[in-house]
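All remarks here apply to the structure that follows.
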């Protein structure tokens, strides 16, 4: 498995709409495997094929127990509730914002064998589903997020500068 280069927000490819997968070929399986290795190395919780320069409707999302869900031609079929949480992106390094997302979503997709399935997620997983599916339509979280500076982010994460006092 290869580690793929993750495109950053100045790359116009990220603004393009991904095409559906019409046939699950060895090339698609290799893409999924390479995306899995790339996601693991990146430390992220989700990755869309467009983020590695492939305009196909394929995403990976980590679930609550740390397993990686492979979703081909995913679509959100149900949304409920609201959440307003901090969000970042592997393709927008160093920037975070508060986004408005559903609290829970249900997604229908195909697995690598072509079998259709549905999966539901809440909280972070729901946010991740929405975030990654947005990528497939050329939408970045920065399009609808309230941005925070790096200083504000450090304060939120408890990484404020050392004040010179020991614990």
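Numbering (our numbering), first residue to last: 73 to 239. From the three backbone atoms N, C-alpha and C, an ideal C-beta is built for every residue, glycine too.
Checklist entry - Going by the beta-carbon positions, is the gap between residue 179 and residue 130 smaller than 8 Å? => result No, the pair does not count as a contact, with Cβ atoms beyond the cut-off.
Item to check | residue 158 - containing alpha helix (DSSP H), residue span | outcome: No alpha helix (DSSP H) contains residue 158, which is instead part of the beta strand (DSSP E) from 155-161.
Next on the checklist: Can you tell me whether residue 185 is helix, strand or coil according to DSSP?
Outcome noted: Note: residue 185 maps to coil in three-state DSSP.
Checklist entry - Would residue 110 be called buried (16 or more neighbouring beta carbons within 10 Å of its own) or exposed? => result That one is buried.
Item to check | Which listed residue (173, 191, 146 and 204) has its alpha carbon closest to that of residue 162 | outcome: Checking every option, the nearest Cα to that of residue 162 belongs to 204.
Checklist entry - Where does residue 103 fall in DSSP's three states? => result helix
Checklist entry - So what's residue 129 in DSSP terms, helix, strand or just coil? => result coil
Item to check | Beta-carbon proximity check, residue 125 vs residue 182, cutoff 8 Å | outcome: No, they are not a contact pair.
Next on the checklist: If the criterion is Cβ atoms closer than 8 Å, does the pair residue 174 and residue 198 meet it?
Outcome noted: yes
Checklist entry - Around the C-beta of residue 186, are 16 or more other C-beta atoms found within 10 angstroms, so that it is buried, or is it exposed? => result exposed
Checklist entry - Expressed to the nearest angstrom, what Euclidean distance is found between the alpha-carbon atoms of residue 171 and residue 102? => result When rounded, the distance between both Cα atoms is 32 Å.
Item to check | Residues near residue 96 by beta carbon distance below 6 Å, same chain, minus five either side | outcome: 186
Checklist entry - Looking at residue 149 and residue 201, is the spacing between their C-beta atoms short of 8 Å? => result Contact: no.
Next on the checklist: Please report the straight-line C-alpha distance between residue 138 and residue 115, rounded to a whole angstrom.
Outcome noted: 11 Å
Checklist entry - Does the beta-carbon distance from residue 132 to residue 107 come in below 8 Å? => result yes
Checklist entry - Taking the alpha helix (DSSP H) that residue 204 falls in, what are its first and last residues? => result 196-208
Checklist entry - Mind checking whether residue 104 and residue 184 have CB atoms under 8 Å apart? => result Cβ distance < 8 Å, so residue 104 and residue 184 count as in contact.
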